[in-house]
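Chemist: Pasting a structure here, questions to come.
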Amino acid sequence: MIVYIWGNLTADNFTPRLDKDTVGRPGQQPGLSASEMIPPGKKAQGIDTDKLKPPLGACPDDASQGGTVGHVAIAPLDESGAVDVKSLEAWATSRGTSSIHDFTQILLDAVVEPNVKGASK
Amino acid sequence: MRMASTEYYYSPVPQWKHLDRLAVFSSILDAREFWTEVHDDVQEQLAVLERDVRQGVAGVRVTAGSTRGENFLLFSYRAFSLPESDIDPVVAGMTFTRADKGVKVEADVSGEQTGDLIASTPNRVAADSRHELLAAARQSALELCQSATAIAAALTDPSRKVG
């Protein structure tokens with residue numbers, strides 16, 4: 013499945029934000045947000061979720077529980093397939109530093125459509 | 104008289120230093136050192152853009168960086184943001200990807216998280232050579248340097264706030 017991280021290929025944009033991305037919501041797992049669609053005229057990065065290497069995985073929202081259709085959370089998963097919140101938080105703390113976290117690099121390596129644009133209306 | 108033969112086995116000694124010297128690069132595109140050179144060259148050009156943005160926006164925070172991935176050779180960028188602001192940072196960046204006949208160079212100015220396009224330059228395809236790639240990168244970087252006013256406006260545009 014191809015999902016899109018909106019925006020640029022910067023290390024920060026490929027790293028979750030502490031609190032905003034490390035806390036789940038009804039129908040939505042914590043993790044870095046990606047979407048099946050791109051807003052018209054905007055730039056995004058296409059990720060092939062099959063190319064994500066462990067422990068990263070993609071968790072689609074459950075719309076019946078209040079999640080958003082087409083939204084996917086990308087996060088480290090434990091052996092049971094649940095989001096590993098401690099690893100997610102550790103990943104998030106690397107945001108804004110000059111170093112590129114291993115999970116950020118896994119995500120960058122899964123980019124199959126760099127700089128794709130949303131179709132204009 | 105039969106001579107006894109003895110075989111000796113030694114444990115391998117882990118040694119990772121200088122292994123890069125053993126690599127034989129099939130193309131300049133595979134050489135990490137080359138992309139470091141391209142990144143440094145692009146950043147040298149973008150220093151002019153940073154100077155101009157700083158003149159127009161007091162307190163602007165600027166970070167330079169680069170990323171690489173299996174399907175793109177290099178993304179070299181400068182990100183501009185205002186401290187304690189909810190407005191999406193602005194990224195002036197250049198992406199190098201493999202093309203049918205060389206390397207595609209894409210350069211634009213856009214929102215870091217939203218991807219709104221603020222300025223862009225024509226895509227270029229450079230031949231797989233150091234000289235042509237650096238020339239294309241420099242030309243695109245020069246064009247990005249004309250975007251200081253647009254970056255300053257975007258950094259103070261309240262419609263660009265992100266959640």
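Line by line, the protein sequences give chains A and B. First residue of the first sequence: 13, per the numbering used here; consecutive thereafter. First residue of the second sequence: 104, per the numbering used here; consecutive thereafter. Note that CB positions come from ideal geometry on N, CA and C, so glycine has one too.
(1) Could you give the distance in angstroms between the alpha-carbon of residue 208/B and the alpha-carbon of residue 77/A?
(2) What residue ranges within the stretch 50-97 of chain A form continuous beta strand (DSSP E) runs of no fewer than 3 residues, ordered along the chain?
(3) Since residue 46/A and residue 59/A should fall inside the 8 Å C-beta cutoff, what is the C-beta to C-beta distance between them, to a whole number of angstroms?
(4) Looking only at its chain, what residues have a beta carbon closer than 8 Å to the beta carbon of residue 126/A, apart from the 5 residues adjacent to it on each side?
(5) Return helix, strand or coil for residue 211/B, following the three-state DSSP convention.
(6) May I ask which residues mark the beginning and end of the beta strand (DSSP E) holding residue 220/B?
(7) So, for residue 184/B: in the same chain, excluding its five sequence neighbours on each side, which residues have a beta-carbon less than 6 Å away from its beta-carbon?
(8) Let me make sure I understand the geometry here. Which of 97/A, 50/A, 92/A has the alpha-carbon closest to that of residue 36/A?
(9) Just to make sure I have the definition right: I need the residues of chain B whose C-beta is within less than 8 Å of the C-beta of residue 124/A. Which are they?
(10) Return the chain-ordered list of same chain residues with a C-beta closer than 8 Å to the C-beta of residue 249/B, the five sequence neighbours on each side being excluded.
(11) CB-CB under 7 Å to residue 7/A, same chain, minus the five flanking residues each way: which ones, in chain order?
(12) Check residue 140/B in the structure and name its three-state DSSP category.
(13) Do the stretch 216-233 of chain B and the stretch 131-144 of chain B make contact, defined as three or more Cβ pairs closer than 8 Å?
(14) If I follow the unbroken beta strand (DSSP E) through residue 161/B, where does it start and stop?
Modeler: The short version:
(1) Taking the straight line from one Cα to the other gives about 43 Å.
(2) Runs found: 55-60, 68-72, 83-88.
(3) In this structure residue 46/A touches residue 59/A by the C-beta definition: roughly 6 Å separates them, less than 8 Å.
(4) 21, 57, 58, listed in sequence order.
(5) In the structure shown, residue 211/B sits in a strand (DSSP, three-state: E or B).
(6) Run containing residue 220/B: 220-223, per the beta strand (DSSP E) assignment.
(7) For residue 184/B, where only same-chain residues beyond five positions count, the Cβ hits under 6 Å are 164, 192.
(8) For residue 36/A, the nearest C-alpha among the options comes from 97/A.
(9) Identification of chain B residues near residue 124/A by a Cβ-Cβ cut-off of 8 Å yields 174, ordered along the chain.
(10) Take residue 249/B, set aside five residues on each side of it, and the residues of its chain with a beta-carbon closer than 8 Å to its own are 222, in chain order.
(11) Since the displayed chain A opens at 13 and closes at 133, residue 7/A lies outside it and no answer follows.
(12) The three-state secondary structure of residue 140/B, taken from DSSP, is helix.
(13) With three or more CB-CB distances shorter than 8 Å, the stretch 216-233 of chain B counts as touching the stretch 131-144 of chain B.
(14) Run containing residue 161/B: none; DSSP gives neither H nor E here.
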